[in-house]
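Here UniProt numbering is used: the first residue of the sequence shown is 1, the next is one more, and so on.
The next block holds one structure in the form of structure tokens; read it before the comments.
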Amino acid sequence: MDLTRRRFLAAPVALTGGLSLLAALEAHASPLPDLSTWDAVRAQFSLDPAWAHFASFFIASHPAPVRDAIETWRRAMDRDPFQVIESGMFEEESKNVPLKVQTAIAHYIGGRAEDVALTRSTTEGLALIYHGLPLRAGDEVVVTTHDHYSHHESIRLANERSGATMRKIKLYDDAKDATVDSLVSNLLAGIGPKTRVVGLTWVHSSTGMRLPIREMAKALKARHPDVLLVMDGVHGIGAVDETIATMGPDYIAAGTHKWMFAPRGTGMLWANADGWGRLRPVVPNFTEWESYTAWTEDRAPNGPTNAARVAPGGFHAFEHQWAMSAAFEMHEAMGRKRVADRIAELNTRIKQQLAGHAKIHVHTPQSPALSAGLVAFEIDGMKPEDVVKRLREEKIVASTSPYAVVYARLAGSLVNTPEEVDRAAQAVVRLAG
């Protein structure tokens, strides 16, 4: 990635005021707080202690390291916005802040910094993928009935332009009854002769199902090596012990403002070099010198598409985007396996206390291998929205799944204690009578 000569969008500038950028970089690299206990982790959040928060996956409360990073960049930009952004984006590689963020993300996901594109959400990432794929009339995109609105709509809108079609398949009737073998076989049964792309969601926010993506990707590629696999990873990254760049999908889109605790309005895309090379960029970028040089020379950019060419350009909320690395560094410090084990422990505790009640139906698989941080359930005779309202009366924040079939949800996360989990689960049991 050539970042040493860039001056687009601004004239050359002497970096006499560059200390503001250097000071921000130095402050951003300050040591993390002690995160060795879960009490210490919870202390990083400013959540209202009067409430038990079981919907933290929706959008993150910024923990202290992330808040501090945002404030550091905000102060630097407010003091000298031109030079901080000019030198942080368009000067030498050693100071390039987006590249530092990409490096932190790549280390966490097990990939390369040059294969990471910074986005603002899962929705934006999925749209960039599907609109960028070279689909045409007669091609088919297979997606599941369990995916989110943003996934289905990204495909539908892209297909309106390309002439391709979308077909939805079922992977299970009830998530709690699914197995690895049944999920793999149902996926393979859904592939047709016109299928060019498959879209999957790693963790379903509708039911809490966590798909065995490694096994599904391996089986798909073994039988249909030319079919591309796109994964929505938003509810897995930060909650599951995985290096997602090694799982098997060709493309991964994930917002990072949920389980990762990154700044609100941030996300990432990953593909390998071959994957990026297939895509057509949708939004002009501010991160590839060749794109700018080609514009000045009135020609098309040379070389294959890469992550830098796909990353959406424009001036964003850089104090948020540049603070992303603080969240990834915080997760590295906590330990990916330790975090995943804690989330599995809390949510298994919820499921165990709800299981066996005649009027409570838990739709999330009991096995931690097929679930993550969400527990979806129903109470006979109660609408899911009424369950959430009744829990709020007890200062418990729950949520409903925004799908055609709606369930109530509790999500045990790092901000919760086992005692809070017990209180929330028992409140549900009392509602069921």
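Cβ coordinates follow ideal geometry from the N, Cα and C atoms, glycine included.
Being a predicted model, the structure only gives us computed values, none of them experimental.
Within a 10 Å sphere around the beta-carbon of W51 sit fewer than 16 other beta-carbons, which makes this residue exposed. Note on geometry: alpha-carbon atoms of D48 and V282 lie some 41 Å from one another. DSSP lists no beta-bridge partner residue for T243.
Under DSSP, Y251 shares a beta bridge with V230 and A271. The Cβ neighbour count for D115, taken over all protein chains shown within 10 Å, is at least 16; the residue is labelled buried. In this structure Y149 is exposed. Its beta-carbon is surrounded by fewer than 16 other beta-carbon atoms within 10 angstroms. Look at the stretch 79-136 and you find these whole runs of alpha helix (DSSP H), each 4 residues long or longer: 81-90, 97-109 and 122-132. Straight through space, the alpha carbons of Q426 and E419 are spaced by roughly 11 Å. Taking A64 as reference, the option from A404, M330, L346 and V421 with the minimal CA-CA separation is M330. When the five nearest sequence neighbours on each side are left out, the beta carbons in the same chain lying within less than 8 Å of the beta carbon of A294 are those of A300, P301 and N302, in order along the chain.
Measuring C-alpha to C-alpha distances from A326 to each of A23, L21, I70 and R161 identifies I70 as the nearest. With a threshold of 16 other beta carbon atoms within 10 Å, D250 meets it and is buried. Judged by DSSP in its simplified three-state form, S367 adopts coil rather than helix or strand. By a beta-carbon distance limit of 8 Å, P365 does not contact M231. Their separation comes to about 19 Å. Rounded to whole angstroms, T179 and K218 show a C-alpha spacing of 16 Å. In the DSSP annotation of this structure, the continuous segment of the alpha helix (DSSP H) that includes K337 starts and ends at R336 to L354. The beta carbon of M334 sits closer than 7 Å to the beta carbons of L35 and V41 from its chain, once the five residues preceding and following it are set aside; these are given in chain order. Judged by their CB atoms, L269 and T119 are nearer to each other than the 8 Å cut-off.
Restricting attention to D78, Y403 and T296, the CA atom closest to the CA of H146 is found in Y403. Of the candidates D226, M89 and L211, L211 places its Cα closest to the Cα of I244. Here DSSP, grouped into helix, strand and coil, assigns F57 to coil. Residue burial annotation: I59 is exposed, with fewer than 16 other C-beta atoms found within 10 angstroms of its C-beta. In this structure, the straight-line span from the alpha carbon of H320 to that of G267 is close to 11 Å. Following the DSSP letters along the chain, one finds E140 in no alpha helix (DSSP H) but inside the beta strand (DSSP E) bounded by residues E140 to T144. Under the three-state reduction of DSSP output, S413 falls in the coil class, being neither helix nor strand. In chain order, G88 and W322 place their CB closer than 6 Å to the CB of V97, counting only its own chain and leaving out the 5 sequence neighbours on each side. The three-state reading of DSSP puts R392 in helix, counting H, G and I together. Here R167 is bridged, per DSSP, to V142.
DSSP, read as helix, strand or coil, puts E378 in strand. Look at M209 here: in three-state DSSP terms it is strand. The Cβ neighbour count for D68, taken over all protein chains shown within 10 Å, is at least 16; the residue is labelled buried. Secondary structure of S401 (DSSP, three-state): coil. T195 is bridged by DSSP to E140.
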